[in-house]
Amino acid sequence: MKKIIAKNITLSVITGGILMASQIATAHTRLQIPSIDEGTRVYNNEIIGHGCRNPDTQAVDVTTIATVVVFPDGVDSSITVDGVASDQPLSDFIENWGSPVRKVQNKDVFEMEKQIKDPLGNVVGYWAGIGGRQGSLIGAVPFRTSSFVFTEASCAKSVKAIVAIADICKLTNIAGFNDADIMLWTPAVGSQFDGTDDLNGYNSPASLTINRTSALPEACGEGVEVVVTPSAVQLNRDMPVSINGNQIWPLSN
Ligand SMILES: [Cu+2]
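In my numbering, the protein residues as written are 3 to 255.
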């Protein structure tokens, strides 16, 4: 009897270990609340599920020393409507995109943080660094999204914003991106931050879906699903990290 119990415990420990390893391997960096309602500010967290890959052990436990999060600016972003590319501006669907996000001041994971502004002065994301997410710990980095309002005449029932994230473990140049030094969760839109398809998070970005709560115009029927993705131009402009005008990431060649 004792032997059987001991065996079962050993088995469950092993199974638990395997389960944990696979959960860590698939825990991409995502938003804690990936789906919100129209018309309400939501306090949320960027959840960094794991670090970079240790090339010796293959464990994804290398310290994440910085993170960069960029929402679409809604100016030159690309838009699809029910999966079909559209020329319509984002304002046809959301009337007040402006600054989609604000950082909630916090030093739990990173000691330094700064909001990223687009040329219009809108806050489109943030970076945070120094200190970092360590070992097998999960990092939660707080922010708040704005109260989005659907454009009354639009047929959009939801708008899904694709969010580009870089979790940095070592400062490298762009050519040096590899799983040991960075985890990229960016859309592959042709920016310098696409990464290559052998990287862990290739073309696997985070997202935030905004659901309409106001009435759809009758003529819309079921309504349409809109996806807004940051452009390559925006990511090239907004992802690099500068302190006092000096770019510290990515390193220049
Ligand atoms: Cu992952």
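Even for Gly, the Cβ is constructed at its ideal location relative to N, Cα and C.
Point to revise | the stretch 76-92 in contact with the stretch 103-113 per 3-pair CB rule at 8 Å | key: No, the stretch 76-92 does not touch the stretch 103-113.
Check your understanding: Looking at Ala158 and Phe95, is the spacing between their C-beta atoms short of 8 Å?
Key -> yes
Review point. Below 8 Å, can you find three or more Cβ-Cβ pairs linking the stretch 186-196 to the stretch 228-239?
Key: yes
Practice item. Could you tell me which of Thr147, Thr59, Asp120, Glu154 sits nearest to Pro242, measuring between CA atoms? Key: Asp120
**Study point:** With 16 other Cβ atoms within 10 Å as the buried cut-off, status of Ile170
**Key:** buried
Exercise for review: May I ask whether a heavy atom of ligand 1 can be found less than 7 Å away from the beta carbon of Ala29?
Suggested key: yes
Practice item. Determine which residues share a DSSP beta bridge with Thr147 and list them. Key: Val44, Val103
Check your understanding: Does the separation of the CB atoms of Thr66 and Ile50 fall below 8 Å?
Key -> yes
Exercise for review: With hydrogens ignored, establish whether the beta-carbon of Gly225 is closer than 7 Å to any heavy atom of ligand 1.
Suggested key: no
**Study point:** Length of the line joining the Cα atoms of Gly123 and Asn46
**Key:** 22 Å
Exercise for review: Alpha carbon to alpha carbon, how far is Ile38 from Val70? Give it in angstroms, no decimals.
Suggested key: 22 Å
**Study point:** Ser209 and Ile140 closer than 8 Å at C-beta
**Key:** no
Exercise for review: Identify whether Gln236 lies in helix, strand or coil by the three-state DSSP scheme.
Suggested key: helix
Point to revise | Gly51: CB within 7 Å of a non-hydrogen atom of ligand 2 | key: Because ligand 2 does not appear in the structure shown, any question about it cannot be addressed here, the ligands present being ligand 1.
Exercise for review: For Arg214, write down the residues that DSSP places opposite it in a beta bridge.
Suggested key: In the DSSP assignment, Arg214 is bridged to no other residue.
Exercise for review: Identify, in the order they occur along the chain, each residue of the same chain with its Cβ nearer than 6 Å to the Cβ of Glu149, setting aside the five sequence neighbours on each side.
Suggested key: The amino acid at residue 149 is misidentified as Glu; the sequence shows Ser. So the list reads Gly41, Thr42, Arg43, once near-sequence residues are dropped.
Point to revise | Per-residue burial, Ile132 [other beta carbons within 10 Å of its own, 16 or more giving buried] | key: Label assigned to Ile132: exposed.
Practice item. Measuring alpha carbon to alpha carbon, tell me which of Glu154, Val111, Val151 ends up nearest Gln259. Key: Any question about residue 259 goes unanswered here, given that the chain covers just 3 to 255.
Exercise for review: Spatial neighbours of Arg55 within its chain, please: CB distance less than 6 Å, with the 5 preceding and 5 following residues excluded, ordered by chain position.
Suggested key: When the five nearest sequence neighbours on each side are left out, the beta carbons in the same chain lying within less than 6 Å of the beta carbon of Arg55 are those of Val62, Asp181, Ala182, in order along the chain.
Review point. Between Ser179 and Gln34, what straight-line distance do the alpha-carbon atoms span, to the nearest angstrom?
Key: The sequence as given places Phe at residue 179; Ser does not occur at that position. Approximately 26 Å, taken between the alpha carbons.
Point to revise | Cβ-Cβ distance between Thr147 and Pro102 below 8 Å | key: Contact flag set, yes.
**Study point:** For Glu227, the nearest candidate out of Asp78, Gly76, Ser88 (CA to CA)
**Key:** Considering only Asp78, Gly76, Ser88, the residue with the shortest C-alpha distance to Glu227 is Ser88.
Exercise for review: Assign Asp200 to one of three DSSP states: helix, strand, or coil.
Suggested key: coil
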